[in-house]
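Whatever position you read off the sequence shown (first residue = 1), add 12 for this note's numbering. A virtual CB, placed ideally from N, CA and C, is assigned to each residue, including glycine.
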Amino acid sequence: MKNKNNPPRKNRHTMHSNLKNYNETVNYLYSLQKHGIKLGLANIKTLMGILGEPHKSFHSIHVAGTNGKGSTATAIASILTENGLSTGLFTSPHLVSFTERIRVDNRRITESEVIDLASETYNSISNTDLNPTFFEFVTAMAFYYFAGKNIDWAVVETGMGGRLDATNVIHPDVTVITNISRDHCEFLGNNISGITYEKAGIIKTGVPLITSSLAPDTVKQLTDMAKSRNAEIHVYNKDFRGSIVRMDERHITLDYSGYKNYKNLTVPLTGEYQLYNICTAVRACEILRQKGFQISDTSIKTGLQNMSLEGRLEWVSHDPPVILDSAHNPEAAKSLALSVKKLFAGKKIILVAGIMDDKDIRGILHPLIQVAETVILTKTGYERAASPEKMKEIMATFKEPGANAGHVSIHKTDTVTGAVDLAKSLYRKENIILVAGSFYTAGEVKEALGYESVLPRLREII
Numbered sequence: 013m014k015n016k017n018n019p020p021r022k023n024r025h026t027m028h029s030n031l032k033n034y035n036e037t038v039n040y041l042y043s044l045q046k047h048g049i050k051l052g053l054a055n056i057k058t059l060m061g062i063l064g065e066p067h068k069s070f071h072s073i074h075v076a077g078t079n080g081k082g083s084t085a086t087a088i089a090s091i092l093t094e095n096g097l098s099t100g101l102f103t104s105p106h107l108v109s110f111t112e113r114i115r116v117d118n119r120r121i122t123e124s125e126v127i128d129l130a131s132e133t134y135n136s137i138s139n140t141d142l143n144p145t146f147f148e149f150v151t152a153m154a155f156y157y158f159a160g161k162n163i164d165w166a167v168v169e170t171g172m173g174g175r176l177d178a179t180n181v182i183h184p185d186v187t188v189i190t191n192i193s194r195d196h197c198e199f200l201g202n203n204i205s206g207i208t209y210e211k212a213g214i215i216k217t218g219v220p221l222i223t224s225s226l227a228p229d230t231v232k233q234l235t236d237m238a239k240s241r242n243a244e245i246h247v248y249n250k251d252f253r254g255s256i257v258r259m260d261e262r263h264i265t266l267d268y269s270g271y272k273n274y275k276n277l278t279v280p281l282t283g284e285y286q287l288y289n290i291c292t293a294v295r296a297c298e299i300l301r302q303k304g305f306q307i308s309d310t311s312i313k314t315g316l317q318n319m320s321l322e323g324r325l326e327w328v329s330h331d332p333p334v335i336l337d338s339a340h341n342p343e344a345a346k347s348l349a350l351s352v353k354k355l356f357a358g359k360k361i362i363l364v365a366g367i368m369d370d371k372d373i374r375g376i377l378h379p380l381i382q383v384a385e386t387v388i389l390t391k392t393g394y395e396r397a398a399s400p401e402k403m404k405e406i407m408a409t410f411k412e413p414g415a416n417a418g419h420v421s422i423h424k425t426d427t428v429t430g431a432v433d434l435a436k437s438l439y440r441k442e443n444i445i446l447v448a449g450s451f452y453t454a455g456e457v458k459e460a461l462g463y464e465s466v467l468p469r470l471r472e473i474i
């Protein structure tokens with residue numbers, strides 16, 4: 013399958029580790045936060061050179077965007093795996109366990125493999141002046157792991173932006189840019205044009221680009237940038253499209269129209285916004301076909317049926333019913349509210365909301381309270397978390413017609429565990445408990461419900 017040569021790699025059995033167990037390893041990874049977030053490719057290029065250029069040993073698909081990139085990347089990887097191609101998937105952040113970030117053939121990296129990889133990467137730079145950030149270090153770990161597994165393909169999600177993101181060291185066969193809206197504004201800027209420019213930095217000369225963006229100005233900007241790099245662009249609703257046939261609390265079934273038409277593609281995810289992500293994933297596989305790679309119709313259908321994704325309208329409890337979503341910016345919150353309104357008509361929503369202080373709290377809360385009867389404002393254990401008091405003060409400013417703030421019962425708790433306990437005590441059979449506002453809130457709710465985690469603060473770092 014592969015037509016790229018594998019790089020020389022160090023003998024893993026000869027490496028000596030200072031990292032003795034999983035807890036110590038994730039502690040070391042967390043300590044890299046002291047280097048902050050540094051956008052740029054110098055460190056990752058040096059790391060790749062030290063490790064033998066592992067990123068050049070496999071084909072890849074690069075996925076950027078504000079919302080939907082994790083779902084899109086996971087769908088593509090599931091299809092390729094179903095097609096018999098050994099496929100790596102690199103995503104971030106994780107909800108509960110660090111091992112969620114790096115997968116091969118739908119299987120997470122093991123804790124022992126995390127120790128080995130971190131040790132080797134650590135040892136490789138121990139005698140240098142290189143000070144990689146957390147995300148640079150973990151990106152290097154992922155690519156080195158993929159090379160060691162001799163994968164055929166990697167589906168790689170950017171951490172933030174694209175142009176200066178550590179993942180942009182790869183030269184992909186296809187690039188994907190999903191929905192673009194305001195997020196990470198302190199790094200990417202506060203206007204959509206500037207954010208689009210950063211995300212479009214993954215576009216490579218002659219490499220096809222797919223976008224699921226629906227905003228005309230964004231599509232035009234992406235089209236212009238693609239043309240400047242001689243990259244063919246495929247636009248949702250112009251070159252490919254889809255429609256939802258059925259949607260229930262756990263699945264969507266959709267029809268797809270592109271190079272080929274697919275009827276009744278069923279995905280074990282829900283929410284109207286997943287239509288764009290799934291169609292974009294199918295288009296990516298169609299483009300691979302155009303480039304000469306063999307992707308069967310059966311693999312597309314079965315790969316989508318078998319995909320699994322946490323933190324997107326995910327059911328984590330049935331008694332009481334608890335659904336969590338990682339929506340953490342206004343556009344994602346609007347999409348979530350729309351889906352909740354359609355999926356749970358007639359149900360009374362208890363909203364558990366925890367939001368980071370550097371996010372658009374007003375823009376996130378406003379659409380979510382439209383579908384809520386009760387709101388529990390809470391705070392994660394992370395220092396960036398907004399206080400419940402601040403969120404309540406912001407809600408008090410919602411005076412415009414339809415804002416609904418005056419018609420909901422508002423509660424405050426200082427811990428996510430306390431919020432879960434309160435939600436359970438308020439639950440009646442007509443209720444659904446909805447958790448939203450950030451990846452961190454979603455992750456801590458899963459922990460409160462019994463999902464294990466080591467050093468949950470690792471979620472904090474891109």
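A direct Cα-to-Cα measurement between Phe305 and Cys297 gives close to 9 Å. As for any beta strand (DSSP E) of minimum length 3 sitting wholly inside the segment 56–140, the runs are 71–76, 99–102 and 114–116, ordered along the chain. Shown here for Thr292: same chain residues with a beta carbon closer than 7 Å to its own, the five before and five after excluded, namely Thr84, Val188, Thr190, Ile222, Ser224 and Tyr248 in chain order. Counting along the chain, Tyr452 sits inside the alpha helix (DSSP H) bounded by residues Phe451 to Ala460.
By the neighbour-count criterion, in which 16 or more other beta carbons inside 10 Å mark a residue as buried, Arg324 falls on the buried side. Straight through space, the alpha carbons of Ser124 and Leu41 are spaced by roughly 15 Å. It is roughly 28 Å from the alpha-carbon of Lys250 to the alpha-carbon of Thr93. Taken in chain order, the whole beta strand (DSSP E) runs of length 3 or more contained in the segment 300–351 are 326–330 and 333–336. A direct Cα-Cα distance of roughly 33 Å separates Ala166 from Leu350.
Inclusion of Val387 and Ile361 in the CB contact set at 7 Å is not warranted, their separation being larger than that value.
Taking C-beta separations shorter than 6 Å and ignoring five residues to either side along the sequence, Glu401 has no partners in its chain.
For Val186, same chain residues with a beta-carbon under 6 Å away, outside a window of 5 residues either side, are Ile73, Pro220, Ala296 and Ile299 in chain order. Under DSSP, Met237 takes part in no beta bridge, so it has no partner. Given a length threshold of 4 residues, each whole run of the alpha helix (DSSP H) inside the segment 356–436 is given here in chain order: 373–381 and 400–407.
At the C-beta level, Tyr268 and Leu281 stay beyond 7 Å of one another. DSSP, reduced to helix, strand and coil, places Val38 within a helical segment of the structure shown. Looking at the DSSP output, Ser269 sits in a beta bridge with Arg253 and Asn273. Listed in chain order, the non-local C-beta contacts of Lys211 below 7 Å within the same chain comprise Ala76, Gly77, Gly173, Gly174, Ile189 and Ile192, local neighbours out to five positions each way being set aside. Using a 10 angstroms sphere on the CB of Pro144, the tally of other CB atoms reaches 16 or more, which defines it as buried.
In the three-state scheme derived from DSSP, where H, G and I count as helix and E and B as strand, Arg262 is classed as coil. Val364 is positioned such that its CB atom lies closer than 7 Å to that of Val447. Beta-bridge pairing by DSSP links Glu169 to Val75. Sorting Ala408, Tyr209, Asp141 and Thr217 by C-alpha distance to the C-alpha of Lys232 places Tyr209 at the top.
As a beta-bridge residue in DSSP terms, Ile245 pairs with Leu221. Rounded to whole angstroms, Phe410 and Ile445 show a C-alpha spacing of 23 Å. Here Thr145 carries a coil assignment [DSSP, helix/strand/coil]. For Asn289, the closest C-alpha among the options Ile307, Thr310, Ser347 and Trp327 is that of Ser347. Phe102 has its alpha-carbon roughly 24 Å from the corresponding atom of Lys32. For Ile207, the enclosing alpha helix (DSSP H) covers residues Ile204 to Lys211. In this structure Glu326 touches Leu336 by the C-beta definition: roughly 5 Å separates them, less than 8 Å. Put simply, of Lys68, Ile88, Leu53 and Arg374 the residue whose alpha carbon is nearest the alpha carbon of Leu321 is Ile88. In this structure, the beta-carbon distance from Ala178 to Thr151 falls below 7 Å. Assigned with DSSP and collapsed to three states, Thr179 falls in helix.
The beta carbon of Asn318 is closer than 7 Å to those of Ser90 and Glu94 in its chain, skipping five residues each way along the sequence. Short of 7 Å from the beta carbon of Glu261, and not among the five residues preceding or following it, lie these beta carbons of its own chain, in chain order: Thr282 and Leu355. Excluding the 5 residues flanking it on each side, Arg253 has same chain C-beta neighbours closer than 6 Å at Ser269, in chain order.
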